[in-house]
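Here is the structure we will look at, set down as structure tokens.
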């Protein structure tokens, strides 16, 4: 009986250790995980990306200008069915959902033509320490593009 209990305890231990490793469904962890910063307008964008317990990337971000946080958002990149989806929730605003139209090793382009601004969000993975996010939309019927070059914060 002692041996059976020891074997069961060992199996449970091995099984629990396997569950600690979360599967990265889209292989984005190596490209996005960590803390990031980009100059933006007259301030800075700060983001922290991590792999959620469900295997999808999630981000919390905020914009600081003159020591005031004027913007905060939460973002998720996940797969729904066969589609890669970007879900962005800006504080005090309606959530926006974008679908990937292009997905490659170094770039993902998300679009939703139901929106005027933004209608496109592009992530370019430039290196392990840099990525670029470009946001395109229409403001007063003029096409605008905002480019944010993020650098990884090494702590």
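Residue numbers (my numbering): 7 to 161. C-beta atoms are modelled at their ideal positions from N, C-alpha and C, and glycine is treated no differently.
Residue i, enclosing alpha helix (DSSP H) - first and last residue
i: residue 158; result: No alpha helix (DSSP H) contains residue 158, which is instead part of the beta strand (DSSP E) from 148-158.
Residue i - DSSP class collapsed to helix/strand/coil
i: residue 38; result: helix
i: residue 61; result: coil
i: residue 5; result: The structure shown does not extend to residue 5, since the chain is modelled only from 7 to 161, so the question has no answer here.
i: residue 67; result: strand
i: residue 104; result: strand
i: residue 121; result: coil
Contact test: residue i Cβ vs the ligand ADP heavy atom, cutoff 7 angstroms
i: residue 107; result: As for the ligand ADP, it is missing from this structure, which has no ligand bound.
Neighbour-count burial assignment, residue i, 16 or more Cβ in a 10 Å radius
i: residue 102; result: buried
i: residue 17; result: For residue 17, the predicted model reports a pLDDT of 40, less than 50, meaning its position is unreliable and no value from the coordinates is stated.
i: residue 153; result: exposed
Beta-carbon proximity of residue i to residue j, cut-off 8 angstroms
i: residue 49; j: residue 84; result: no
i: residue 105; j: residue 81; result: no
i: residue 132; j: residue 139; result: no
Beta carbon proximity, residue i to chain B, threshold 8 angstroms
i: residue 141; result: Among the chains in the structure shown there is no chain B, since it carries only a single protein chain.
Is it true that the segment 26-34 meets the segment 58-66, where meeting means three or more beta-carbon pairs spaced less than 8 angstroms apart? By the C-beta criterion, the segment 26-34 is judged to be in contact with the segment 58-66, since at least 3 inter-stretch pairs fall below 8 angstroms.
The segment 33-40 in contact with the segment 141-153 per 3-pair CB rule at 8 angstroms: Between the segment 33-40 and the segment 141-153 there are fewer than three C-beta pairs closer than 8 angstroms, too few to call the two in contact.
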